[in-house]
Amino acid sequence: MGIKFSQGPSNTTIHNRSHQDGEDQRNETATKINHDKPQNQSSSFQIPLHYPKYTKSDYEKMPEWQLDRLLREYGLPVIGDSYEKRKFAIGAFLWSSENEH
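Going by full-length UniProt numbering, the residue at position 32 of the sequence shown is 32; the numbering climbs one at a time, nothing skipped.
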């Protein structure tokens with residue numbers, strides 16, 4: 001720790017050891033963190049590639065089983081009665097201007 005002076009044949013070099021020690025500790029910590037993570041983590045949830053293209057009218061007519069499937073497909077909660085599920089799907093998948101039609 002501290003400043004160390006070393007003299008070479010034609011110049012003087014100043015080493016800040018505390019800075020270097022801090023760098024070494026950060027690198028060591030980063031290495032430990034990376035080794036602690038499981039290498040092959042996987043998740044069973046994958047978001048669908050396409051956004052649902054239903055209208056408000058479609059959601060209002062959609063059977064409850066189809067609402068359940070759609071919500072599960074997007075990893076959303078499937079709770080409540082059919083009215084609550086419809087309301088949730090409309091809020092989640094339609095822009096506010098589409099909600100008003």
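Cβ atoms here follow ideal geometry from the backbone N, Cα and C, with glycine treated the same way.
Keep in mind the model is a prediction, meaning the values are calculated, not measured.
**Q.** Any chain D beta carbon closer than 9 Å to residue 87
**A.** The structure shown contains no chain D; it holds only a single protein chain.
Q) Does the separation of the CB atoms of residue 60 and residue 85 fall below 9 Å? A) Result no, Cβ atoms of residue 60 and residue 85 do not sit closer than 9 Å.
Q. Does DSSP put residue 56 in a helix, in a strand, or in coil?
A. helix
Q: Have a look at residue 93 and residue 83 and give me their C-alpha separation to the nearest angstrom.
A: 15 Å
Q: Return the Cβ separation of residue 71 and residue 77 in integer angstroms, given the expectation that the two are a contact with Cβ distance under 8 Å.
A: Right, their Cβ atoms sit about 7 Å apart.
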